[in-house]
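Residue numbers (UniProt numbering): 1 to 207.
Okay, here's the thing in C-alpha cells:
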C-alpha cells in the first residue's frame with residue numbers, strides 16, 4: 001500500500017495502485033480485506049486532500065483462486081517406524097507437485113489443505129508430508145500435517161485452486177504438466193455422482 005506523499009510530490013503522483021493478493025477462496029474473506037483497505041485509504045488519502053487521486057486495484061487472484069478443485073492420486077508411500085514398529089511419520093508422493101499445479105507454494109505464504117477421497121479411512125492420524133512426483137528436494141506440497149494412513153492409488157483433493165496453477169506449470173524432469181479436466185455444471189455435485197463419473201470407490205465427506 002502506498003503511503004501519503006509529501007506535499008511537494010502530490011502534483012506528480014496522483015495514482016495509488018493496490019496490488020493483487022485479494023483472496024478469492026470460498027471463505028468470504030474479501031469483505032474483511034475490503035474493509036481494511038477502505039479504512040486505510042480514508043486515513044492516508046482523505047478525499048478533501050487528494051481530490052484527483054485515482055485508485056487502481058488488481059484483484060486478479062480474487063476472480064480465479066477458487067476456479068477448480070484439484071484431484072490427485074498417491075503413487076508411492078514411505079512409512080517411518082520407531083524401534084517398536086510404531087509408525088512415526090508417513091510421506092506420500094502424488095502425481096501433482098510444485099512444478100505443475102502447486103507452483104504458487106514456493107512463491108508466497110499460501111498453504112493448501114488436503115482433503116481425502118478414499119474408501120479406507122482410519123481414526124488414527126500420523127505426521128505426514130506430501131511430495132510431488134519429481135523427486136526434487138523442493139517439490140514439497142505440505143509437511144507436518146496430520147492425516148490418516150492412506151494407500152497407494154488413494155485420492156487426495158484440494159479446493160480453492162486456480163491462481164498460479166495450470167497457467168504456470170512446467171514439464172520439469174519430463175513429468176507432464178498436462179491436467180485432465182472434468183466439468184460439472186452443478187454447483188454442489190452429489191457424492192454419488194462424483195463416485196460414478198470419476199472413481200470407483202466411495203466419497204467420504206471430510207468436514
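Heads up, the beta-carbon is just placed ideally off N, CA and C, and yes, glycines get one too. Nothing here was measured: the structure is a model prediction, and the numbers come from that model.
**Prompt:** Looking only at its own chain, which residues have a Cβ that is under 6 Å from the Cβ of residue 89, when we skip the five neighbours before and after it?
**Reply:** 80, 127
**Enclosing beta strand (DSSP E) for residue 89 [first to last residue]** = 87-94
**Reduced DSSP secondary structure (H/G/I, E/B, other) of residue 144** = strand
**Request:** Please confirm whether residue 92 and residue 130 have their CB atoms less than 8 Å apart.
**Result:** yes
**Three-state secondary structure assigned by DSSP to residue 117** = strand
**Prompt:** Roughly how many angstroms lie between the CA atoms of residue 35 and residue 73, to the nearest whole one?
**Reply:** 40 Å
**Prompt:** What's the gap between the Cα of residue 124 and the Cα of residue 114?
**Reply:** 17 Å
**Request:** Could you round the C-beta distance between residue 98 and residue 138 to whole angstroms and report it? I think they count as a contact, below 8 Å.
**Result:** 6 Å
**Message:** DSSP three-state label for residue 160, please.
**Reply:** strand
**Message:** Less than 8 Å between the C-beta atoms of residue 141 and residue 116, yes or no?
**Reply:** no
**Message:** Less than 8 Å between the C-beta atoms of residue 135 and residue 96, yes or no?
**Reply:** no
**Request:** Return yes when the Cβ of residue 67 is within less than 8 Å of the Cβ of residue 162, no when it is not.
**Result:** yes
**Asked** In the DSSP assignment, what residue or residues form a beta bridge with residue 130?
**Response** 92, 142
**Prompt:** Any heavy atom of the ligand NAP closer than 7 Å to the Cβ of residue 90?
**Reply:** The ligand content of the structure shown is nil, which means the ligand NAP is not present either.
**Close-in-space but distant-in-sequence residues of the same chain around residue 110 (CB under 6 Å, 5 per side omitted)** = 104
**Whether residue 77 touches residue 152 by CB criterion (8 Å)** = yes
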